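Enquirer:
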Amino acid sequence: MANMKVTIAGVEFRNPVIAASGTFGFGREYSELYPLSNLGGVSCKGTTLEPRLGNPAPRIAETPSGMINSVGLQNPGIDFVVKYEIPWLAGQDTRIVANIAGNTPEDYAAVAEKLNDTAADMVEMNISCPNVKHGGAAFGTSCDAAAAVTRAVRKVCRKPLMVKLSPNASNIGDIAAAVEAEGADAVSLINTITGMRIDLRTRRPILKNNTGGLSGPAVFPVALRMVWEVANRVKIPVVGMGGISKWEDAVEMLLAGASAIQVGAANFTDPYACIKILSGLEKYLDDNGIAGVSDLTGKVEPW
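Per the numbering used here, the sequence shown starts with residue 432, numbered consecutively.
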């Protein structure tokens, strides 16, 4: 069988399939269906300094070939996660990617620092959050803001640092280069694309927050293009996500330049999606005589 191991920022993963943040909780529910050791890793629910209740309902709506959500980073706060969730995950024999969020660089840094002495293998920093000190625009839409928050976290974070990029930037390659220059060890992309639905009966937006993040198969071509652009821009590893729902998508994402992939919304429609994608990927490698999954990374053939 092909070698499925991948290494990202010095961390070895059993295989390249990682459950994406926000769609997998902290893994407890899915562990009732299959051992989490089957996965390369779990990216935990986005965690903030203080507990958050998230946005008011309705906050999830279906779209053609996808969904939009405005859950609003509901989470129990970093102290609870450090005390209960990470120790539990440490017993599941899979890599732990601790996803963090905040509204100021100081928030991010404080959360990252609390993870230093935990079993988390890597920190994934979500920069799609609003920067409250600069008008509410997301950190991930400005090179200066993305660089500043990465710089602040890098100073205190002793774990490998992966920055999760927003697709809502005018040039995602510029953002990737900016965080690389400030010490990011890897980047992951894409986060959700801002979208909207309207109820024809009430003429109000379906989501109470008016807009939300679009995910699911509808965004895959956009995600694939952005992963390809970023992989050709930076030297650090790229983890690809956005609409991956079957093994063929995973192969495309790896060929575009990803070293590993994350599976998000597909977990809602099929809780075994990660396992099926991994199985299909393994079969593809064996059927085509490819020695290792890393041999696919960046091997798209340009015209």
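C-beta atoms are modelled at their ideal positions from N, C-alpha and C, and glycine is treated no differently. Nothing here was measured: the structure is a model prediction, and the numbers come from that model.
Using 8 Å for Cβ pairs, my map puts Val448 next to Leu685. What's the rounded Cβ distance?
Expert: In fact, because the Cβ distance is near 11 Å, the residues do not count as touching under 8 Å.
Enquirer: For a test of the three-state rule: what should DSSP assign to Arg749, helix, strand or coil?
Expert: Residue 749 falls outside the range modelled here, since the chain spans only 432 to 734, and no answer is possible.
Enquirer: CB-CB under 7 Å to Leu655, same chain, minus the five flanking residues each way: which ones, in chain order?
Expert: The answer, listed in chain order, is Glu683, Met684, Ala687.
Enquirer: Using CA atoms only, rank isn't needed, just tell me which of Thr454, Ala649, Thr625, Ser690 is closest to Val669.
Expert: Ser690
Enquirer: Residues in its own chain within less than 7 Å of Ala600 by CB, not counting five upstream and five downstream?
Expert: Gly571, Thr572, Ile606
Enquirer: Taking the alpha helix (DSSP H) that Phe699 falls in, what are its first and last residues?
Expert: Looking at the DSSP string, the run of the alpha helix (DSSP H) that includes Phe699 is 697 to 700.
Enquirer: Take Ser646 as the anchor and find which of Glu481, Ala492, Lys639 has the nearest alpha-carbon.
Expert: Ala492
Enquirer: Tell me the DSSP bridge mates of Glu493?
Expert: Met498
Enquirer: Since Pro480 contacts Ile509 with CB under 8 Å, what's their CB separation in whole angstroms?
Expert: Reading off the sequence shown, one finds Leu at residue 480, where the question assumed Pro. Going by Cβ atoms, the distance from Leu480 to Ile509 rounds to 6 Å, so yes, they are a contact pair.
Enquirer: Using three-state DSSP, classify Thr535 as helix, strand or coil.
Expert: In this structure, Thr535 counts as coil in the three-state DSSP scheme.
Enquirer: Leaving aside the five residues before and after Met498 along the sequence, list all residues of the same chain whose C-beta is less than 8 Å from its C-beta, in chain order.
Expert: Beyond the five residues adjoining it in sequence on each side, Met498 comes within less than 8 Å, by CB distance, of Ile491, Ala492, Leu645, Ser646, Gly647, Ala696, Phe699 in the same chain, given in chain order.
Enquirer: On the DSSP letters alone, give me the boundaries of the alpha helix (DSSP H) that Leu520 sits inside.
Expert: 517 to 521
Enquirer: For Tyr715, which residues in the same chain have their Cβ closer than 7 Å to its Cβ, ignoring the five residues on either side in sequence?
Expert: Trp678, Val682
Enquirer: Buried or exposed: which applies to Thr642, given that a residue is buried once 16 or more other Cβ atoms fall within 10 Å of its Cβ?
Expert: exposed
Enquirer: Can you have a look at Gly674 and say buried or exposed, based on whether 16 or more other CB atoms are within 10 angstroms of its CB?
Expert: Per the 10 Å Cβ criterion, buried.
Enquirer: Please list the terminal residues of the continuous beta strand (DSSP E) segment that includes Lys436.
Expert: Run containing Lys436: none; DSSP gives neither H nor E here.
Enquirer: Report back the beta-carbon spacing between Asp552 and Arg526 to the nearest angstrom; my notes put them in contact at under 8 Å.
Expert: 5 Å
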